[in-house]
Amino acid sequence: MILSQFRHQSDSRYCFSLDEHRVLVRLAVARLSLVERVELVYGDPFKYDRERKRVEMSIKHEDVDFLYYEGIMESDIPRFYYIFHIIGKDGEMDLAESGLTKDFRYGLAFLSAFQFNGENRIDFVLANPRFKGRIVYQIFPERFAIGNKKDLKSC
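Residues 823 to 977 (the working numbering) are what the sequence shown spells out, left to right.
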């Protein structure tokens, strides 16, 4: 495994809040890599050296070059440290902000783990449940009101 086979940035479309208690995390993995499984290892920054949760990530999207793994961190606190534990045909590695390592040192996570510091509730993009499964058409009436008949020739 080499670092260029992975893409993740903690303050981007690869990591964002779904609501007050859930954060979606994505990891892009090159198709040609030998990755078999990815686990998201996360926890409270103040207890990360002692207490962590693990979530198996699954492939949700793909394109020509990458497979996109997704996992959801759940907690009552709005901040996390997290890393990716990657299991491949050529061994196991941990991916953190500082790069790939065979043995991540949880006691020094403040130096090298990815960090998510929560978002304000007003920043959440929540879908309106009344529109779930419906199609919405936007009609712009000014397109129908042509004041000058000469403009009809250009239509």
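Where is the CB? At the ideal position from N, CA and C, for every residue including glycine.
- Residue pairing of residue 907 in beta bridges, as defined by DSSP: 861 and 916.
- Annotation for residue 888: the continuous beta strand (DSSP E) segment containing it runs 888-896.
- Secondary structure note for residue 932: its alpha helix (DSSP H) is the uninterrupted segment 931-934.
- Only residues of its own chain outside the window of five on either side were considered, and among them 940 have a CB closer than 6 Å to the CB of residue 900, listed in chain order.
- Judged by DSSP in its simplified three-state form, residue 834 adopts coil rather than helix or strand.
- Ranked by how close their Cα comes to the Cα of residue 888, the residues 823, 920 and 851 have 851 in first place.
- C-alpha of residue 931 to C-alpha of residue 951: approximately 39 Å in a straight line.
- Rounded to whole angstroms, the Cβ separation of residue 858 and residue 909 is 5 Å, and the two are in contact under 8 Å.
- Looking at the DSSP output, residue 855 shares a beta bridge with no other residue.
- Closest by C-alpha distance to residue 834, out of 846, 944 and 929, is 846.
- Just so you know, the alpha carbons of residue 918 and residue 828 end up roughly 11 Å apart.
- With 16 or more neighbouring CB atoms inside 10 Å of its own CB, residue 916 falls in the buried class.
- Apart from sequence neighbours up to five positions away, the residues of its chain that approach residue 863 with a beta-carbon distance below 6 Å are 874, 876, 905 and 907, ordered along the chain.
- Take residue 844, set aside five residues on each side of it, and the residues of its chain with a beta-carbon closer than 6 Å to its own are 894 and 896, in chain order.
- Taking 8 Å as the cut-off, the beta carbon of residue 937 is found closer than this to the beta carbon of residue 832.
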